[in-house]
Structures are given as C-alpha cells and as structure tokens.
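So for the sequence shown, this note's numbering puts the first residue at 208; every next one is plus one.
Note that the Cβ used here is the ideal one computed from N, Cα and C, for glycine as well.
Values in this document were obtained by computation on a predicted structure and should not be read as measured data.
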Amino acid sequence: MYQKILLPVDLNEEASWKKALPTAITLCETFGASLHVITVLPEFKLPMVGAYFPKDFSKKAHEAMTETQHAFIQANVPEGIKTQSIIVDGSPWEAIIKVGKKLNVDLIVMASHTKRKFVDYVLGPNAEHVVHHAKVSVMIVR
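What follows is the structure, encoded as structure tokens:
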C-alpha cells in the first residue's frame with residue numbers, strides 16, 4: 208500500500224518523533240516501504256536574519272544537522288529499512304509539502320506536539336498546515 212513514507216523530525220524536540228517514529232517504522236516494515244526522514248532548518252540566508260550570523264553559519268548548521276540526523280537514524284531506525292536523510296531550509300510545513308511532492312511519497316507521518324495555544328494543543332500548527340495542503344495521506348500521531 209505504501210512505498211515511500213516521509214517522517215518530519217525536529218532533532219531538538221523529542222516530542223516530534225517519539226510516537227511518530229515507531230508508527231512509521233511499523234508501516235515501513237509492514238509494507239516494505241522506504242523511510243525518508245526530513246529535518247527543516249530555519250532560513251538563515253534572508254538578509255534580515257543573515258546579518259546576525261557569520262557568513263558560513265548556514266553551511267556549518269547543515270553539516271552539524273546532517274551528522275546529528277545520521278546518528279539519529281542509526282540509533283533509532285532498524286537496519287532493514289531503506290532510509291534517506293533530508294535536511295532543508297525554510298518554513299517547516301512548506302518544506303515538508305515540497306519534499307513530499309519532490310520524492311513522490313505516499314504518506315506523511317508526523318506528530319502533533321506543540322501546546323502553546325488551544326488550537327496548537329488539538330493539532331500543531333505545522334501539522335495542521337501539512338494536513339490542509341498535502342496532496343497525499345497524512346497520519347498525525349498523538
């Protein structure tokens with residue numbers, strides 16, 4: 208049923224993957240699907256933001272996040288699952304939609320984990336946007 212599953216992960220926020228990762232792994236094992244783990248970094252190249260960071264900050268951030276994500280995958284994803292590591296810049300929900308479309312994924316599995324406002328408690332803002340804008344199935348794990 209599923210061939211490619213996209214899993215957004217905030218490596219600084221365990222709640223973004225603690226429940227969603229086991230669900231994605233089970234689905235991958237059940238259907239023989241590949242797992243595509245995406246981490247979205249803030250856009251540091253914008254003139255207003257970039258002026259506050261050293262010139263090579265974005266490159267170093269990508270390198271560090273790539274290392275961290277590879278370690279995360281090695282520690283948490285069984286070896287039998289074909290896994291791809293993806294690091295992108297931008298708005299989390301927009302990047303998730305864009306990468307999902309580019310990779311032609313069948314399913315996006317993500318956690319709803321923020322609790323700043325009541326609407327965020329019910330469904331996190333990024334998860335809400337992904338649900339409304341994705342052209343593929345989205346599974347929200349609580």
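Based on DSSP bridge pairs, tell me the residues matched to residue i.
i    : result
H243 : L213 and Q291
M317 : I347
L248 : D296
Could you check which residue in the options has the C-alpha nearest to that of residue i?
i    : options                   : result
K342 : A334, K308 and A278       : K308
E221 : F279, T233, I304 and E236 : F279
M272 : P249, P229, N333 and E286 : P249
I304 : P285, V247, N283 and S241 : V247
N219 : E286, H339, Q276 and K289 : Q276
Q291 : H336, C235, S265 and A334 : C235
F238 : S265, K262, V345 and I288 : I288
Can you check whether the CB of residue j is closer than 8 Å to the CB of residue i?
i    : j    : result
A231 : V316 : yes
I245 : D313 : no
H243 : I294 : no
A227 : A302 : no
P299 : P229 : no
V348 : V338 : no
How many angstroms separate the CA atom of residue i from the CA atom of residue j?
i    : j    : result
A268 : D296 : 10 Å
Y328 : E335 : The predicted position of Y328 is uncertain, since its pLDDT is 39 and thus under 50; a value taken from the coordinates is nonetheless stated next. Approximately 11 Å, taken between the alpha carbons.
N311 : Q210 : 10 Å
K262 : H340 : 34 Å
E270 : D217 : 16 Å
F264 : A240 : 35 Å
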